[in-house]
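**Q**
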Amino acid sequence: MPRVVVDVMLKPEILDPQGQAVANALPRLGVNDVASVRIGRRIEIDFTGEPDLDRAREIADKLLANPVIEDFTVRLVETDEAAEARS
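Written out as structure tokens, the structure is:
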């Protein structure tokens, strides 16, 4: 059964202090080839029937993302792909 995934990210022009903290910590772990890091959220939605991308976009726009500072994308993934992304 496909699952709807909503990815929410800060808009590029918005500072990301969490991402900057991660990027600043990477050299202490010996990772020196990362230019920048952006932190976002992944929300998985399972509908009782067929996945409804339009409804998911409405949910994301009204509830999951702040349109002033965040962008979001909505896509379908197979449930095994969603489980693989979490591991």
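With our numbering applied, the sequence shown corresponds to residues 26 to 112, in that order. A virtual CB, placed ideally from N, CA and C, is assigned to each residue, including glycine. Values in this document were obtained by computation on a predicted structure and should not be read as measured data.
Taking a contact to mean a Cβ-Cβ separation below 8 Å, would you say P27 touches V99 in this structure?
**A** The answer is no: Cβ separation not under 8 Å.
**Q** CB-CB under 7 Å to R63, same chain, minus the five flanking residues each way: which ones, in chain order?
**A** Counting only Cβ-Cβ distances below 7 Å, and skipping sequence neighbours, we find M34, L35, D41 and G44.
**Q** Mind checking V30: buried by the 16 CB within 10 Å criterion, or exposed?
**A** Buried is the call here.
**Q** Out of curiosity, what's the CA-to-CA distance linking D79 and D86?
**A** Their backbone Cα atoms lie some 11 Å apart in a straight line.
**Q** Distance, Cα to Cα, I94 vs I39?
**A** Taking the straight line joining both Cα atoms gives about 7 Å.
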